[in-house]
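No gaps in the numbering here: position 257 of the sequence shown is 257 in full-length UniProt numbering, and each next residue is one more.
Scroll down for the structure; my scribbles are underneath it.
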Amino acid sequence: MVPKVVFGQGSFDQLSSILNPQRKDKAPFIFLVDDVFKENKIFVDRINLRFNDKLIFISADEEPKTSQVDQIVKEIKEEFTYKPSGIVGVGGGTILDLTKAVAIMLTNKGSASDYQGWDLVKTKAVYHVGVPTISGTGAEVSRTTVLTGPVRKLGINSDFTPFDQVILDPNLTIGVPKNQWFYTGMDCFIHCVESLNGTFLNAFSQSYGEKAYDLCMEIFLEDENLSEEESRGKLMMASWHGGMSIAYSQVGVAHAMSYGLSYVLGTKHGIGNCIVFDHLEEFYPKDVALFKKMVDKFNITIPKGLCSNLTENQINTMIDIALSLVPLWENALGDNWETIMTRDKLKQLYLKM
Ligand code: NAD
Ligand code: ZN
Numbered sequence: 001m002v003p004k005v006v007f008g009q010g011s012f013d014q015l016s017s018i019l020n021p022q023r024k025d026k027a028p029f030i031f032l033v034d035d036v037f038k039e040n041k042i043f044v045d046r047i048n049l050r051f052n053d054k055l056i057f058i059s060a061d062e063e064p065k066t067s068q069v070d071q072i073v074k075e076i077k078e079e080f081t082y083k084p085s086g087i088v089g090v091g092g093g094t095i096l097d098l099t100k101a102v103a104i105m106l107t108n109k110g111s112a113s114d115y116q117g118w119d120l121v122k123t124k125a126v127y128h129v130g131v132p133t134i135s136g137t138g139a140e141v142s143r144t145t146v147l148t149g150p151v152r153k154l155g156i157n158s159d160f161t162p163f164d165q166v167i168l169d170p171n172l173t174i175g176v177p178k179n180q181w182f183y184t185g186m187d188c189f190i191h192c193v194e195s196l197n198g199t200f201l202n203a204f205s206q207s208y209g210e211k212a213y214d215l216c217m218e219i220f221l222e223d224e225n226l227s228e229e230e231s232r233g234k235l236m237m238a239s240w241h242g243g244m245s246i247a248y249s250q251v252g253v254a255h256a257m258s259y260g261l262s263y264v265l266g267t268k269h270g271i272g273n274c275i276v277f278d279h280l281e282e283f284y285p286k287d288v289a290l291f292k293k294m295v296d297k298f299n300i301t302i303p304k305g306l307c308s309n310l311t312e313n314q315i316n317t318m319i320d321i322a323l324s325l326v327p328l329w330e331n332a333l334g335d336n337w338e339t340i341m342t343r344d345k346l347k348q349l350y351l352k353m
């Protein structure tokens, strides 16, 4: 679990005072910041670089790759004699995952792809801080960093992955475009649905999952009087609780299939989950109906026809990637999942999307 967290509007301004006690002589802090903030001088000034600190702007247009992590780590090692005092990630799930992976790879040998899996990391990461600027993925609280590698899209799941400190400042999410707000917000809703309807469910996951689910219902469907300010704070906490819920259970059908889409077509996580979830009435009837209402309420466009022109090869890769995520299927459909989710069944589902 994340051992330290601050929450509140404007709490981002505590960053310097939080980092200072962690500063080691001559060792910089490296800030990985979503390049959507590049032109925002006021925002950048609030980061308050000191000594030889370095700020690197990173595009979130593509989800993080193991090769990208390796490249950033190489550049940091080449530029600085001393191991950084810490890595600070400011952005959405893409930048937060990249930050966690870079922190791990600064102290572990080889390539990030060597550590995709469960508990393969041997050495503690450098101190790392997460500052989310969009809410929903739960990447700020989770024990994984999802990376696309040469052969698979899979997380580095380890005790050294979670941030040492998180700063939750709902004001940082003010500029998020509406569609993206919805797609990433639905990632949280889908985390809850998949956790609460899964066979891995336990009291720990349920308690967090139910809270996050209720918050999503308030934000996306039920509360007509919620101000934008309240909504931002609530979604930030929903994301946190949703992430906590899957930490002790698993995600399910939508995530497994969305990973396949993402691997073959580069479809991003939030929107990919929405594209898939829209067609999962059979597995999550009540919640897919609610999801469709939310889509209507906010007048969101869910892309269609993505898989209609795929080659047989591409469809097969998609199916391979989805089926390789065994724990997700076990959670969603139980021990006999292979008899329910056959290759044929998956193909039929993908062709609808
Ligand atoms: P993202 O980080 O990809 O960002 C989406 C878009 O929103 C980008 O264009 C970004 O520049 C923009 N953006 C972010 N903050 C903004 C702001 N304040 N104002 C304006 N624009 C802003 O989106 P995401 O949905 O948060 O993250 C998706 C990633 O998270 C995927 O790579 C996925 O694999 C990962 N993920 C990780 C976990 C985990 O537990 N580690 C869980 C779920 C998803
Ligand atoms: Zn997700």
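Where a beta carbon is used, it is the ideal one built from N, C-alpha and C, also for glycine.
Partner residues in the beta bridge of Gly-130, as assigned by DSSP, are Gly-89, Val-166.
Beta-bridge partners of Asn-157 (DSSP): Trp-118. Listed as beta-bridge partners of Ile-190 by DSSP are no residues whatsoever. Secondary structure of Val-44 (DSSP, three-state): helix.
For Thr-148, the secondary structure class from DSSP, reduced to helix, strand or coil, is strand. Taken atom to atom, the span from the alpha-carbon of Thr-317 to that of Arg-50 is near 47 Å.
The alpha helix (DSSP H) runs of length 4 or more contained entirely in the stretch 257-333 are, from start to end of the chain, 269-277, 285-297, 312-323, 326-333. For Leu-32, the uninterrupted beta strand (DSSP E) segment begins and ends at 29-34. The three-state reading of DSSP puts Val-73 in helix, counting H, G and I together.
Apart from sequence neighbours up to five positions away, the residues of its chain that approach Val-90 with a beta-carbon distance below 6 Å are Val-33, Val-131, ordered along the chain. DSSP places Leu-55 in the uninterrupted beta strand (DSSP E) bounded by 54-58. Non-local beta-carbon contacts of Tyr-263 in its own chain, meaning distances under 6 Å to residues more than five positions away in sequence, involve Lys-153, Ile-321 in chain order.
Here Ile-42 is exposed. Its C-beta has fewer than 16 other C-beta atoms within 10 Å. Residue burial is scored here from C-beta neighbours: Ala-332 has at least 16 other C-beta atoms within 10 angstroms and is therefore classed as buried. In the DSSP annotation of this structure, the continuous segment of the beta strand (DSSP E) that includes Lys-4 starts and ends at 4-7. For the options Asp-278, Asp-159, Ala-112, Thr-123, the alpha carbon positioned closest to that of Val-151 is the one of Ala-112.
Taking 7 Å as the cut-off, the beta carbon of Cys-192 is found closer than this to the beta carbon of Gly-209. Going by C-alpha positions, Ser-59 is about 5 Å away from Asp-35. Residues of the same chain with a CB within less than 6 Å of the CB of Gly-149, apart from the 5 flanking positions on each side, are Thr-66, Ser-113, Gln-116 in chain order. The beta-carbon distance between Leu-221 and Phe-12, rounded to whole angstroms, is 30 Å. This is too long to meet the 8 Å contact definition. For Ala-139, the CB contacts under 6 Å within the same chain, skipping 5 residues up- and downstream, are Gly-93, Leu-96, Asp-97 in chain order. For Thr-137, no alpha helix (DSSP H) run applies, since DSSP gives it neither H nor E.
For Glu-39, there is no enclosing alpha helix (DSSP H), as DSSP gives it neither H nor E. Taking 6 Å as the cut-off, the C-beta of Gln-180 counts as close to a heavy atom of the ligand NAD. Taking 7 Å as the cut-off, the beta carbon of Cys-274 is found closer than this to the beta carbon of Tyr-183. Among the bridge pairs identified by DSSP, Lys-345 is matched with none.
In the assembly as shown, Ala-289 is an exposed residue. Its beta-carbon has fewer than 16 other beta-carbons within 10 Å. Using a Cβ-Cβ distance cut-off of 8 Å, the stretch 21-29 and the stretch 67-84 are in contact, since at least three pairs of beta carbons, one from each stretch, lie closer than that value. Take the alpha-carbon of Asn-225 and the one of Gly-242: they are about 23 Å apart. Less than 7 Å divides the Cβ of Val-141 from the Cβ of Met-244. The residue from His-279, Ser-258, Arg-232 with its alpha-carbon nearest to that of Gly-10 is Arg-232. For Arg-232, the enclosing alpha helix (DSSP H) has its first and last residue at 228-247. The shortest CA-to-CA distance from Thr-145 to any of Pro-177, Met-217, Pro-64, Gln-71 is the one to Pro-64. Residue pairing by DSSP places Lys-65 opposite Thr-148 in a beta bridge.
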